[in-house]
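Asks: For the record, the sequence lines run as chains A, B and C. One gets my numbering by counting positions in the first sequence from 1 and adding 226 to each. One gets my numbering by counting positions in the second sequence from 1 and adding 45 to each. One gets my numbering by counting positions in the third sequence from 1 and adding 179 to each. Backbone N, C-alpha and C fix where the C-beta goes; we use that ideal spot for every residue, glycine too. Keep in mind it's a predicted model, so treat the numbers as computed, not measured.
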Amino acid sequence: MTDDEFTAYQALADETDDHRWAFGTGFTDPLEGIDTSVPDGINAAALAAYCLMLGDDALVHSHRLQQWMTRLPELEEETAVANIALDLLGQARMLLARAGRAEGAALAQGAGLDAGAVLAQGGGRSEDQLAFFRPEHEFRNVRLAEHADTDFAQLAGRLLIFSTWRLALFSQLSGSADPVLAAIAAKGAKELAYHRDYAAQWVIRLGDGTELSHGRMQAALGTLWPLVDELFRTHAVVTDLPGVAADPAGLRAEFDDVLAAVLAAAALDLPDTPPLAQVAGKSGRDGVHTEALGYVLAELQSVARADPDATW
Amino acid sequence: MGETPVRSEWPLYEVFLRAKRGLNHVHVGSLHAADPQMALHHARDLYTRRNEGVSIWVVAAADITASSPDEKDPFFAPSGDKVYRHPTFYDIPDDVPHM
Amino acid sequence: MTARAHDRPGELEAHFDDTIARERRIEPRDWVPDRYRATMIRQIAQHAHSEIIGMQPEGNWITRAPSLRRKAVLIAKVQDEAGHGMYLYSAAETLGADRADLTDKLVSGRQKYSSIFNYPTLTYADVGVIGWLVDGAAICNQVPLCRSSYGPYARAMVRICKEESFHQRQGYELLMTMMRGSAAQRAMVQDATNRFWWPSLMMFGPPDDQSPNTAQSMAWGVKRHTNDELRQRFVNMTVPQAGKLGVTLPDPDLSWNSDRGHYDFGAVDWAEFAAVVKGNGPCNAQRVAHRKDAHDEGAWVREAAAAHAAKQAARDRNINHGDTKDGEAG
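Printed below as a string of structure tokens:
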């Protein structure tokens, strides 16, 4: 029995520089070399709100995909969906961190203080404070993100809609006047192109597969379609961020073209369903959600909230 | 429109990766997929999770002809045969019992 | 598939024996005794099943992970386990097995998986303890398998071991962080350790004097060390790690024996082990049902993908042959 076989494991308690053990924290930093202070002339409070919107979309959608792990139709889909969930979680982390930073800058602007001093005093929340300690009405994701997929057809259909829309947004945001948002969008766009491709292939396989899968895929689109219009509504925050935010209204045509192409290849019909109404003129972007989000957050936040003094 | 009955198992693909330019493709394993496009996607997910791969080749295992003279299994033709004896490589008619 | 008669009946077996004796690798197209093939398929398959079932107890905590970084690390870990399962099923398939058939054997109870996954994960500390103890024990079992006589299995094991060492580190680092955190966190870690220590020791299987297959398995290079040897190795490595963490291992008989040069430890409850292996553990039914349900509910998706591939292939053939008939198989 050779001792050298086991030396790696005996050294478990020693410090190491090989940080691949913390996989999930990324190999290369997309923000390397970028000045992360909020540029002059950008409305920091609006930037914080906007980053929360995009971050919450990703955080909540990732949660829904995580709920599918160990339940997918084939083992190969387990690695594929886990990759997508990880990508979205990564985007969420960077966007929430940006939101927190912008929040700190806004506090400084508001109080006439130096931004660095405010941040040093803990002004502006961390990614974890934002994810785990915000109440539901402060979450700004679109209602599509919190939808629970009842079958794999819905998973594929929702992912197709979400990633097509988000890719169009991120492609525009790669030119944002906020350099951090631009960097996040540039990296995210590559990931979203892959997600969209994965989803499109599955929508086509299911639409043009068996009679059963065709029926399920068509039904799934019918269920999801009422949540589409909300994606393209211009929120007030966007108009407060000229050159920084991407106005989704201008992206509807591109979205429609992609969906039409995929549905045609899938032998599916474009659904005819009316959009889901708002509540007193408000919906996801204003913190007014479907009943589903409460349960999502109860699950997501439960362990963190059980011991707020804990260090994880 | 008549549809021939389809085996619902996904066929086996062998995966070859070239990690860096200048090296050659190396066989890293196999996976199941319904079609070549899916096989590529799956290969990327399964074999490049650690940023390992640059170039991926997938080949249906049934399409590979192998000659391994040092391996002497009598089930294989020495001059050129399958990579290994997998049940789905050999077309067995549905009405043959116990196969 | 017809067998071809060979001229010298003893020659194939001699070649096999010689390859084993010289510690060379058996490759997929080598002749092997039927019992070697069956034993290898079973061992590899049960290892693969363990990875897949093992996704469940840890996957249980992904959506509730208490920080985004921990969540990312845990998703990646569970994803790795799916990958390990696939590497291993692939290795088994090179011996003539079929993955769908192996899945069938798993969900019908004809093949087993590591008994440790029949225990529940009840707190977030369990995630750390599984990384530290369960992956630690798995590594002890697995590192020697990198020298398995069967080539594809040995190569899969090298890849798996590299990734598994990261998992163990992730688990241990989580526990270190918790032990330096709140009182509630420290209590959580101790509680999880109390529940997983003995089951981890059981991962090495029954004592040597109750393992009848060990001798043949070792002769064939299917197994490189005995159960008791590996169990002792694991205890020796883990006791100092527990010390560094500041947790107490729940065994009052644990003590260093300088004559033996090993730690003495208490008696394992083999009755509990037997009950769990037999199917009456806390989570057996739940784990298998979960896997079966996913597989059954996914059938329509797999069929759709195969149907689409067939349609696409027919279309491609029609285009190539200038045939205008639709849906005809080539």
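1. Let me know the beta strand (DSSP E) ranges lying completely inside the stretch 272–325 of chain C, each 3 residues or longer, listed in chain order.
2. Comparing alpha-carbon positions, which option in P431(C), Y442(C), D430(C) lies nearest E408(C)?
3. For the stretch 468–536 of chain A, list the alpha helix (DSSP H) runs that are entirely contained and at least 4 residues long, ordered along the chain.
4. Starting from the Cα of A325(A), find the closest Cα among L519(A), R366(A), Q527(A) and give me that residue.
5. Using a 10 Å radius around the Cβ and a threshold of 16 neighbouring Cβ atoms, would you call Q465(C) buried or exposed?
6. Beta strand (DSSP E) containing G74(B): first to last residue?
7. Looking at G520(A) and A446(A), is the spacing between their C-beta atoms short of 8 angstroms?
8. Can you confirm whether the stretch 201–211 of chain C touches the stretch 501–514 of chain A when touching is taken to mean that 3 or more C-beta pairs between the two stretches lie within less than 8 angstroms?
9. In the DSSP assignment, find the alpha helix (DSSP H) that holds Y92(B) and state where it starts and stops.
10. Quick one: give me the first and last residue of the beta strand (DSSP E) that H404(C) is part of.
11. Using a Cβ-Cβ distance cut-off of 8 angstroms, determine whether A311(A) contacts chain C.
12. Would W55(B) pass as an interface residue toward chain C - the criterion being a Cβ-Cβ separation below 8 angstroms?
13. Check whether the stretch 468–479 of chain A and the stretch 263–277 of chain A are in contact - that is, three or more C-beta pairs closer than 8 angstroms.
14. If you measure between the beta carbons of A483(C) and L432(A), is that distance less than 8 angstroms?
15. Of the choices P265(A), A357(A), A487(A), whose alpha-carbon is the least far from that of G281(A)?
16. List in chain order: all unbroken alpha helix (DSSP H) runs of 4+ residues lying wholly within the stretch 462–503 of chain C.
17. Under 8 angstroms Cβ to Cβ from Q290(C), same chain only, skipping five residues before and after it: list those, please.
18. Applying a beta-carbon distance threshold of less than 8 angstroms, which residues of chain C neighbour R360(A)?
19. Establish whether the CB of W479(C) and some CB of chain A are separated by less than 8 angstroms.
20. Cβ of V429(A) versus every heavy atom of the ligand HEM: is any distance shorter than 7 angstroms?
21. Answer yes or no: does any C-beta atom of chain C fall closer than 8 angstroms to that of V71(B)?
22. How about L91(B) and G477(C): do their beta carbons lie closer than 8 angstroms?
23. Closer than 6 angstroms by C-beta to A403(A): which residues in its own chain qualify, once you throw out the five before and the five after it? Chain order, please.
24. Mind listing the chain A neighbours of A78(B)? Cutoff is C-beta to C-beta under 8 angstroms, in chain order.
25. What is the C-beta distance between A473(C) and R297(A), in whole angstroms, given that I count them as a contact (C-beta under 8 angstroms)?
26. Run through chain B and tell me which residues come within less than 7 angstroms of A471(A), C-beta to C-beta.
27. Going by the beta-carbon positions, is the gap between T242(C) and Q293(A) smaller than 8 angstroms?
28. Check whether the stretch 523–531 of chain A and the stretch 66–76 of chain B touch, using three or more Cβ-Cβ pairs below 8 angstroms as the test.
29. Drop a sphere of 10 angstroms on the beta-carbon of A517(A), count the other beta-carbons inside from all chains shown, and report buried for 16 or more, exposed for fewer.
30. Taking 8 angstroms as the threshold (beta carbon to beta carbon), is S113(B) in contact with chain C?
31. Residues of chain C with a CB under 8 angstroms from the CB of V128(B): which are they?
32. For the alpha helix (DSSP H) containing F187(A), name the first residue and the last one.
33. Report the rounded CA-to-CA distance for S288(A) versus W428(A), giving the unit in angstroms.
34. Determine the chain C residues that contact L62(B) at a beta-carbon separation under 7 angstroms, and present them in chain order.
35. What residues in its chain sit with their C-beta under 8 angstroms from that of D563(A), if we drop five residues either side in the sequence?
36. Within 8 angstroms, do at least three Cβ pairs link the stretch 232–242 of chain C to the stretch 360–376 of chain C?
Replies: The structure says:
1. Runs of the beta strand (DSSP E) lying entirely within the stretch 272–325 of chain C and spanning at least 3 residues: none are present.
2. Counting from one through the third sequence, the residue named residue 408(C) turns up at place 229. Checked all of P431(C), Y442(C), D430(C); the closest Cα to E408(C) is Y442(C).
3. Counting only runs of 4 or more, we get 478–491, 518–532.
4. Taking the first residue of the first sequence as 1, we reach residue 325(A) at position 99. Each of L519(A), R366(A), Q527(A) was checked against the Cα of A325(A), and the nearest Cα belongs to R366(A).
5. Working through the third sequence from its first residue, we reach residue 465(C) at position 286. By the neighbour-count rule (16 or more Cβ atoms within 10 Å), Q465(C) is not buried but exposed.
6. In the second sequence, counting from the first residue as 1, residue 74(B) sits at position 29. For G74(B), the enclosing beta strand (DSSP E) stretches over residues 71–77.
7. By 1-based counting over the first sequence, the position of residue 446(A) is 220. By 1-based counting over the first sequence, the position of residue 520(A) is 294. Cβ distance not < 8 angstroms, so A446(A) and G520(A) don't count as in contact.
8. The way I'd put it, the stretch 501–514 of chain A doesn't touch the stretch 201–211 of chain C; fewer than three beta-carbon pairs between them come closer than 8 angstroms.
9. Sequence index remark: in the second sequence, residue 92(B) carries index 47 (1-based). Here the alpha helix (DSSP H) through Y92(B) covers 81–92.
10. For this step, residue 404(C) is matched to residue 225 along the third sequence. In this chain, H404(C) is not harboured by any beta strand (DSSP E), its DSSP state being neither H nor E.
11. Your numbering for residue 311(A) matches position 85 in the first sequence. Output row for A311(A): interface = yes.
12. The count along the second sequence starts at 1 and reaches residue 55(B) at position 10. Chain C, which has a Cβ nearer than 8 angstroms to the Cβ of W55(B), makes this yes.
13. In this structure the stretch 468–479 of chain A lies against the stretch 263–277 of chain A, because at least three pairs of beta carbons, one per stretch, are closer than 8 angstroms.
14. To locate residue 483(C), count along the third sequence from 1; it is residue 304. To locate residue 432(A), count along the first sequence from 1; it is residue 206. With a cutoff of 8 angstroms on beta-carbon distance, A483(C) and L432(A) are scored as near each other.
15. Start at 1 with the first residue of the first sequence, and residue 281(A) comes out as number 55. Comparing alpha carbon positions, the residue from P265(A), A357(A), A487(A) closest to G281(A) is A357(A).
16. For the alpha helix (DSSP H) assignment, the uninterrupted runs of no fewer than 4 residues enclosed by the stretch 462–503 of chain C are, from N- to C-terminal side, 463–476, 478–500.
17. Reading the third sequence from its first residue, position 111 is the one you call residue 290(C). Once the five neighbours on either side are set aside, the close Cβ partners of Q290(C) are R221, A224, Q225, H228, L281, K284.
18. To locate residue 360(A), count along the first sequence from 1; it is residue 134. What R360(A) touches in chain C: nothing, since even the nearest Cβ is about 13 angstroms away.
19. Along the third sequence, one-based indexing puts residue 479(C) at 300. Chain A has a Cβ within less than 8 angstroms of the Cβ of W479(C).
20. Summarising the ligand content, the structure contains no ligands, and the ligand HEM is consequently not present.
21. For the purposes of this step, residue 71(B) is taken as residue 26 along the second sequence, with counting starting at 1. Taking Cβ atoms only, chain C never reaches closer than 8 angstroms to V71(B), which makes this a no.
22. Taking the first residue of the second sequence as 1, we reach residue 91(B) at position 46. Taking the first residue of the third sequence as 1, we reach residue 477(C) at position 298. No, these two residues do not count as a Cβ contact at 8 angstroms.
23. Looking up residue 403(A) in the first sequence gives position 177. When the five nearest sequence neighbours on each side are left out, the beta carbons in the same chain lying within less than 6 angstroms of the beta carbon of A403(A) are those of G469, V470, in order along the chain.
24. Indexing the second sequence from 1 puts residue 78(B) at position 33. Against chain A, a Cβ distance below 8 angstroms from A78(B) picks out E302.
25. If you number the third sequence from 1, residue 473(C) lands on position 294. If you number the first sequence from 1, residue 297(A) lands on position 71. So it is a contact: roughly 5 angstroms between Cβ atoms.
26. As a working note, residue 471(A) is residue 245 in the first sequence. The premise fails here: A471(A) is roughly 31 angstroms from chain B at the closest Cβ pair, so nothing lies under 7 angstroms.
27. Within the third sequence, numbered from 1, the residue matching residue 242(C) stands at position 63. Within the first sequence, numbered from 1, the residue matching residue 293(A) stands at position 67. With respect to the 8 angstroms criterion, T242(C) and Q293(A) are classified as neighbours on the basis of their beta carbons.
28. The count of Cβ pairs closer than 8 angstroms, one atom from the stretch 523–531 of chain A and one from the stretch 66–76 of chain B, stays below three, leaving the stretches out of contact.
29. Translated into the one-based positions of the first sequence, residue 517(A) becomes position 291. Contrary to the premise, residue 517(A) reads as Glu rather than Ala in this sequence. Answer is exposed; the Cβ neighbour count stays below 16.
30. Reading the second sequence from its first residue, position 68 is the one you call residue 113(B). At least one chain C Cβ lies under 8 angstroms of S113(B).
31. As a first step, residue 128(B) is located in the second sequence; it is residue number 83 there, counting from the start. The contacting residues are P207, R208, T273.
32. Outside the displayed span of chain A (227 to 538) sits residue 187(A), for which this structure offers no information.
33. Translated into the one-based positions of the first sequence, residue 288(A) becomes position 62. Translated into the one-based positions of the first sequence, residue 428(A) becomes position 202. S288(A) and W428(A) have their alpha carbons spaced roughly 18 angstroms apart.
34. For the purposes of this step, residue 62(B) is identified with residue 17 of the second sequence, where counting begins at 1. Contact note: L62(B) does not reach chain C at a C-beta cutoff of 7 angstroms; the least C-beta distance is about 12 angstroms.
35. In the structure displayed, chain A extends from 227 to 538; residue 563(A) sits before or after that span and is not available.
36. The answer is no - the stretch 232–242 of chain C does not touch the stretch 360–376 of chain C, with fewer than three Cβ pairs under 8 angstroms.
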